[in-house]
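*Asks:*
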Amino acid sequence: MAPRRRTVLAAVSTATASAVAGCAGFLTDETSDDGDDPAAATDVATALVEDLANERFERASERFRSDQRSRYGDPGRLERLWLALTTTSGSFEEILETEVTEGQQLRAVEVTAAFDGGDHDCTVVVDDEVQVRNYGLSDEYERPSYVDPDAITTQSVSLSVPDCSLPGTVTTPAAGDDVPGVVLVHDDGPMTADTPRGGTKTFADLAEGLAMEGVATLRYDKRVPACDVQPAEYTLDRVTADDAAVAIERLRNVDGVDPERIVVAGHGLGGRAAPRIADRDGSLAGVVGLAPPARPYPEFTFSQLEYKVSVGSHEWADLTATYETWGDEIDRVRSGEYEPAERLLGKPGAFWDSIGDYDHLGVAAETDVPVLLCQGERDFQVSVADDLEQWDDSFAGATTVETYADCNHLFMPGEGEPVAVAYAVRNNVAEGVVNDIATWVREL
Numbered sequence: 001m002a003p004r005r006r007t008v009l010a011a012v013s014t015a016t017a018s019a020v021a022g023c024a025g026f027l028t029d030e031t032s033d034d035g036d037d038p039a040a041a042t043d044v045a046t047a048l049v050e051d052l053a054n055e056r057f058e059r060a061s062e063r064f065r066s067d068q069r070s071r072y073g074d075p076g077r078l079e080r081l082w083l084a085l086t087t088t089s090g091s092f093e094e095i096l097e098t099e100v101t102e103g104q105q106l107r108a109v110e111v112t113a114a115f116d117g118g119d120h121d122c123t124v125v126v127d128d129e130v131q132v133r134n135y136g137l138s139d140e141y142e143r144p145s146y147v148d149p150d151a152i153t154t155q156s157v158s159l160s161v162p163d164c165s166l167p168g169t170v171t172t173p174a175a176g177d178d179v180p181g182v183v184l185v186h187d188d189g190p191m192t193a194d195t196p197r198g199g200t201k202t203f204a205d206l207a208e209g210l211a212m213e214g215v216a217t218l219r220y221d222k223r224v225p226a227c228d229v230q231p232a233e234y235t236l237d238r239v240t241a242d243d244a245a246v247a248i249e250r251l252r253n254v255d256g257v258d259p260e261r262i263v264v265a266g267h268g269l270g271g272r273a274a275p276r277i278a279d280r281d282g283s284l285a286g287v288v289g290l291a292p293p294a295r296p297y298p299e300f301t302f303s304q305l306e307y308k309v310s311v312g313s314h315e316w317a318d319l320t321a322t323y324e325t326w327g328d329e330i331d332r333v334r335s336g337e338y339e340p341a342e343r344l345l346g347k348p349g350a351f352w353d354s355i356g357d358y359d360h361l362g363v364a365a366e367t368d369v370p371v372l373l374c375q376g377e378r379d380f381q382v383s384v385a386d387d388l389e390q391w392d393d394s395f396a397g398a399t400t401v402e403t404y405a406d407c408n409h410l411f412m413p414g415e416g417e418p419v420a421v422a423y424a425v426r427n428n429v430a431e432g433v434v435n436d437i438a439t440w441v442r443e444l
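Using the UniProt record's numbering, read the sequence shown as starting at 1 and increasing by one per residue.
Below, the structure written as structure tokens:
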């Protein structure tokens, strides 16, 4: 494993504690009650991790302050955070080290724990009464082993789009000319160019891995959160397709990139929009769909939440409350009974109108370019049976399909029941995925 920097919180406030997102912390009956003793905070944190490692999630919950327990110490939340670590890196082995950072009335204890598949960091926030206020994963990203930074070149760019500009990165092989290029188009939700989720950077892995294989890429910040978008203007075109078109033209004009061999590679929602992007452009060399959903989008969105609620043996109250709310909202989305600016299932009504008006499979049937479809079999969001098979039967052009038994929605490997929180655990896109995309693109 490559050397890495460890996250240390220089100062911890109540707001910071609220933002920390899940790893491990623990408290034993033998812990000192002396809030001025840093060792007491360390004891609390290590005891919490031991509880989690032994699946004592109710006991771990009891170590939280009573006013923080329902939000941060919910047994269901703690169970899913621990599952994120074990499904990514296997069985827990031991605590390697701890480090305490002082804050006003709070201490942040960073715990580095060893698992079968590697080490991971988490932060436990402890108050002056030696009670846990929050526990979260704090892994930092590591570049994948298949990337040699000396063999690639990166260039910062800015995409001029209506109303604002989007920061982006062009990544190319350090040697070579007239190479093919790939524009990476984001999934649903607010995304930056690297799509960071704690210890993962999906698009950074893809971009640098493809450059190692002789393929250039352009990745960019999504319009949300880079620009202000009013709810009534939040449409599929506005937040996805329009900006992808600008990115394609920008990559065509990069020195050393063959403008005749430009591919759009869309992940998730970006993959669903890819046929529209290709249709509007008219000159793309190919399309890559990275786990694109094919089902009606409201059903697809709600099914993800259904799965998240079902994972593990402990109910997570906040998640269950969201599920109940969305259960009422999905009927309104299906019937179209909402206003454009009204938020339902986590999206404004304008988005639901736009996604409903887009016949993605019909547009795919008219997309006569080579297509590569990639799907992880541990993806709880998009599946082979519900989504991939529909796409495979739809495109007019020659379609190549690749599936990956141990990969999740981010095309990162793991084992067992997948959980969304695992997206924050240090991991990288599987090298086989990068190689398959690169080989396919180079042969266009």
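Just so it is clear, CB atoms sit at the ideal spot from N, CA and C, and this is done for glycine as well.
On the criterion of 16 or more Cβ atoms from any shown chain inside 10 Å, does P370 qualify as buried, or is it exposed?
*Replies:* The count along the sequence shown starts at 1 and reaches residue 370 at position 370. Buried, by the Cβ-count rule.
*Asks:* Between K201, L361, T195 and S165, which lies nearest to D297 when the distance is taken from Cα to Cα?
*Replies:* On the sequence shown, residue 297 is found 297 positions in, with the first residue counted as 1. In the sequence as displayed, the identity of residue 297 is Tyr instead of Asp. When each option's Cα is compared against that of Y297, the closest is L361.
*Asks:* Helix, strand or coil for A341? Go by DSSP, reduced to three states.
*Replies:* Against the sequence shown, residue 341 aligns to sequence position 341. Three-state DSSP puts A341 in coil, outside helix and strand.
*Asks:* DSSP three-state call for A174: helix, strand or coil?
*Replies:* Residue numbering aside, residue 174 sits at position 174 when the sequence shown is read from its first letter. Of the three classes helix, strand and coil, the one that applies to A174 here is coil, per DSSP.
*Asks:* Based on the DSSP output, what are the partners of G286 in its beta bridges?
*Replies:* By one-based count along the sequence shown, residue 286 stands at place 286. Answer is V263, bridged to G286.
*Asks:* Looking at the secondary structure, which residues open and close the alpha helix (DSSP H) in which H120 lies?
*Replies:* As a working mapping, residue 120 is identified with position 120 in the sequence shown. Not the alpha helix (DSSP H): H120 falls in the beta strand (DSSP E), residues G118 to D127.
*Asks:* Would you say E377 touches the ligand SAH, meaning its beta carbon is less than 7 angstroms from a heavy atom?
*Replies:* Absence of the ligand SAH is noted for the structure shown, with no ligands found whatsoever.
*Asks:* Mark L110 as exposed unless 16 or more other C-beta atoms lie within 10 angstroms of its C-beta, in which case mark it buried.
*Replies:* As a working mapping, residue 110 is identified with position 110 in the sequence shown. Going by the sequence as given, residue 110 is Glu instead of Leu. Label assigned to E110: buried.
*Asks:* Around the Cβ of R71, are there at least 16 other Cβ atoms within 10 angstroms (buried) or fewer (exposed)?
*Replies:* Within the sequence shown, residue 71 is the residue found at index 71, counting from 1. Exposed.
*Asks:* Can you tell me whether L96 is buried or exposed? The criterion is at least 16 other CB atoms within 10 Å of its CB, across all chains shown.
*Replies:* Here residue 96 corresponds to residue number 96 of the sequence shown, with the count starting at 1. Per the 10 Å Cβ criterion, exposed.
*Asks:* May I ask you to report which of helix, strand or coil DSSP gives Y297?
*Replies:* Position 297 of the sequence shown, counting from 1, holds the residue named residue 297. Y297: helix per DSSP, three-state reduction.
*Asks:* May I ask you to list the residues that DSSP assigns as paired with V132?
*Replies:* Counting from one through the sequence shown, the residue named residue 132 turns up at place 132. DSSP, once it has assigned bridges, lists F64 and V126 as partnering V132.
*Asks:* Look up T200 in the DSSP assignment and say whether it is helix, strand or coil.
*Replies:* Position 200 of the sequence shown, counted from the first residue, corresponds to residue 200. If DSSP states are grouped into helix, strand and coil, T200 belongs with coil.
*Asks:* Tell me, to the nearest whole angstrom, how far the beta carbon of A193 is from that of P167; I am working on the premise that it is less than 8 angstroms.
*Replies:* Translated into the one-based positions of the sequence shown, residue 193 becomes position 193. Translated into the one-based positions of the sequence shown, residue 167 becomes position 167. The pair is a contact, with the Cβ atoms about 7 angstroms apart (cut-off 8 angstroms).
*Asks:* Measure from the alpha carbon of C227 to the alpha carbon of each residue in G414, P190 and Y307, then state which is nearest.
*Replies:* Start at 1 with the first residue of the sequence shown, and residue 227 comes out as number 227. It is P190.
*Asks:* List the whole-angstrom C-beta distance separating L236 from A294, where the pair is believed to meet the contact cut-off of C-beta under 8 angstroms.
*Replies:* Taking the first residue of the sequence shown as 1, we reach residue 236 at position 236. Taking the first residue of the sequence shown as 1, we reach residue 294 at position 294. Contact doesn't hold; Cβ gap of about 15 angstroms is too wide.
*Asks:* For L305, which residues of its own chain have a beta-carbon under 7 angstroms away from its beta-carbon, when the five flanking residues on both sides are left out?
*Replies:* Against the sequence shown, residue 305 aligns to sequence position 305. Cβ within range, chain order: T322, Y323 and W326.
*Asks:* Among H120, S165, F57 and L290, whose alpha-carbon lies nearest the alpha-carbon of V229?
*Replies:* By one-based count along the sequence shown, residue 229 stands at place 229. Checking every option, the nearest Cα to that of V229 belongs to S165.
*Asks:* Compute the Euclidean distance between the alpha carbons of V363 and G270, then round it to the nearest angstrom.
*Replies:* The residue given as residue 363 occupies position 363 in the sequence shown. The residue given as residue 270 occupies position 270 in the sequence shown. Near 14 angstroms, if we compare the C-alpha coordinates of G270 and V363.
*Asks:* Using a Cβ-Cβ cutoff of less than 8 angstroms, which residues in the same chain neighbour A144 once the five nearest sequence positions on both sides are dropped?
*Replies:* Stepping through the sequence shown from its first residue, residue 144 is reached at position 144. According to the sequence as given, residue 144 is Pro; it is not Ala. Excluding sequence neighbours, P144 sits near D205, E208, G209, N428, V429 and E431.
*Asks:* Helix or strand or just coil, what does DSSP make of R219?
*Replies:* Sequence index remark: in the sequence shown, residue 219 carries index 219 (1-based). Strand.
*Asks:* Only counting runs of 4 or more residues, tell me where the alpha helix (DSSP H) segments fall wholly within the region 315 to 360, in order along the chain.
*Replies:* Here the runs fully enclosed are 317 to 335 and 349 to 357.
*Asks:* Less than 8 angstroms between C-beta atoms, sequence neighbours within five positions excluded: which residues of the same chain meet that for A278?
*Replies:* Your numbering for residue 278 matches position 278 in the sequence shown. Excluding residues within five positions, the ones whose Cβ falls inside 8 angstroms are V264, L284, V287, T367 and V369.
*Asks:* Could you pull out every residue in the same chain whose Cβ sits closer than 6 angstroms to the Cβ of F380, ignoring the five residues on either side in sequence?
*Replies:* Residue 380 sits at position 380 when you count from the first residue of the sequence shown. Y307 and P418, listed in sequence order.
*Asks:* Can you tell me whether DSSP reads E97 as helix, strand or coil?
*Replies:* Reading the sequence shown from its first residue, position 97 is the one you call residue 97. Note: E97 maps to strand in three-state DSSP.
*Asks:* If you draw a straight line from the alpha carbon of R378 to that of V421, how long is it in whole angstroms?
*Replies:* Residue 378 sits at position 378 when you count from the first residue of the sequence shown. Residue 421 sits at position 421 when you count from the first residue of the sequence shown. If I take the Cα positions, the gap works out to 14 angstroms.
*Asks:* Check each candidate in A350, P231 and V125 and name the one with the smallest Cα separation from D43.
*Replies:* For the purposes of this step, residue 43 is identified with residue 43 of the sequence shown, where counting begins at 1. Looking at the Cα atoms, V125 is the closest of the given residues.
*Asks:* Excluding the five sequence neighbours on either side, which residues of its own chain have a C-beta within less than 6 angstroms of the C-beta of K222, listed in chain order?
*Replies:* In the sequence shown, the residue the question calls residue 222 occupies position 222. Excluding residues within five positions, the ones whose Cβ falls inside 6 angstroms are H186 and M191.
*Asks:* Mind checking which residues open and close the alpha helix (DSSP H) that includes S89?
*Replies:* Locating residue 89 in the sequence shown gives position 89, counting from the first residue. Per DSSP, S89 belongs to the alpha helix (DSSP H) from P75 to S89.
*Asks:* Once the 5 residues before and after V178 are set aside, which same chain residues still bring their CB inside 6 angstroms of it?
*Replies:* Working through the sequence shown from its first residue, we reach residue 178 at position 178. In the sequence under discussion, the amino acid at residue 178 is Asp, which differs from the Val named in the question. Here the set comprises D258.
*Asks:* Check Q390 in the structure and name its three-state DSSP category.
*Replies:* For this step, residue 390 is matched to residue 390 along the sequence shown. Of the three classes helix, strand and coil, the one that applies to Q390 here is helix, per DSSP.
*Asks:* Distance, Cα to Cα, T87 vs G312?
*Replies:* Taking the first residue of the sequence shown as 1, we reach residue 87 at position 87. Taking the first residue of the sequence shown as 1, we reach residue 312 at position 312. So the two alpha carbons sit approximately 12 angstroms from each other.
*Asks:* Looking only at its chain, what residues have a beta carbon closer than 8 angstroms to the beta carbon of A396, apart from the 5 residues adjacent to it on each side?
*Replies:* The residue you call residue 396 lines up with position 396 of the sequence shown. Around A396: A364, A365, E366, T367 and D368.
*Asks:* Can you tell me whether DSSP reads L444 as helix, strand or coil?
*Replies:* Taking the sequence shown and counting its residues from 1, the one referred to as residue 444 is at position 444. L444: coil per DSSP, three-state reduction.
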